[in-house]
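Just so you know, we're using the numbering used here here: the sequence shown kicks off at 15 and counts up by one.
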Amino acid sequence: MTHWRLPKKASTQKPKKDPSGFFAAIGAGFLLALLYVASAQTEKVAIKEFTVQMDSGEFYDGEKVKLNVTREPVCAAESWTGQGIKGEGILEIHKGVEPMPVIVEPCMTAGPAVTLPDGRVLHLTDSKG
Numbered sequence: 015m016t017h018w019r020l021p022k023k024a025s026t027q028k029p030k031k032d033p034s035g036f037f038a039a040i041g042a043g044f045l046l047a048l049l050y051v052a053s054a055q056t057e058k059v060a061i062k063e064f065t066v067q068m069d070s071g072e073f074y075d076g077e078k079v080k081l082n083v084t085r086e087p088v089c090a091a092e093s094w095t096g097q098g099i100k101g102e103g104i105l106e107i108h109k110g111v112e113p114m115p116v117i118v119e120p121c122m123t124a125g126p127a128v129t130l131p132d133g134r135v136l137h138l139t140d141s142k143g
């Protein structure tokens, strides 16, 4: 049986790496991940007052409403598919009616339009006081 000799060890030692750069990179990555999660969980809450310009059911015409958009709509030019992406929001009509979830229609130039749960569409204009 033949014995193979192992090569001799090098007489010079390898320089030790400084671990501080590694820990700094991990810390920076953790901080970025934490900021990303925190920003994703916060919603933009912008409650604006509007006047109903036109109601497809002619029930809320001229009524003052408050719209809280929870997800902004995206117009076709900004979406990947080339189709508008509808937004979401909460509409408060007046004190006697419970706030209701609505769909905020995309690509409206004159003002926002929202679709009520029963299918009616409200065209809104900025309230002037």
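Just so it is clear, CB atoms sit at the ideal spot from N, CA and C, and this is done for glycine as well.
As the structure is a computational prediction, the values presented were derived from the model and not from experiment.
Could you tell me the distance, in whole angstroms, from the CA atom of V135 to the CA atom of A42?
Numbered from its first residue, the sequence shown carries residue 135 at position 121. Numbered from its first residue, the sequence shown carries residue 42 at position 28. Answer to the nearest angstrom: the Cα atoms are 48 Å apart.
Hey, could you find the ends of the beta strand (DSSP E) G98 is sitting in?
Position 84 of the sequence shown, counting from 1, holds the residue named residue 98. Per DSSP, G98 belongs to no beta strand (DSSP E) and is neither H nor E.
Compute the distance between the beta-carbons of P87 and G98, then report whether it is under 8 Å.
Counted from its first residue, the sequence shown places residue 87 at position 73. Counted from its first residue, the sequence shown places residue 98 at position 84. For P87 and G98, yes; Cβs fall inside 8 Å.
Near E106, what residues of its chain come up, given a Cβ to Cβ distance below 7 Å and the 5 sequence neighbours on each side ignored?
As a working note, residue 106 is residue 92 in the sequence shown. Excluding sequence neighbours, E106 sits near V79, K80, P113.
For V118, which option in G101, T84, T65 has the closest C-alpha, if you only look at C-alpha atoms?
In the sequence shown, the residue the question calls residue 118 occupies position 104. If we check each option's Cα against that of V118, G101 comes out closest.
K62 lies in the beta strand (DSSP E); which residues open and close that run?
Residue 62 sits at position 48 when you count from the first residue of the sequence shown. First-last of the beta strand (DSSP E) with K62: 61-69.
Count the other C-beta atoms from every protein chain shown that fall within 10 angstroms of the C-beta of P126, then say buried if there are 16 or more, exposed otherwise.
Counted from its first residue, the sequence shown places residue 126 at position 112. Buried, by the Cβ-count rule.
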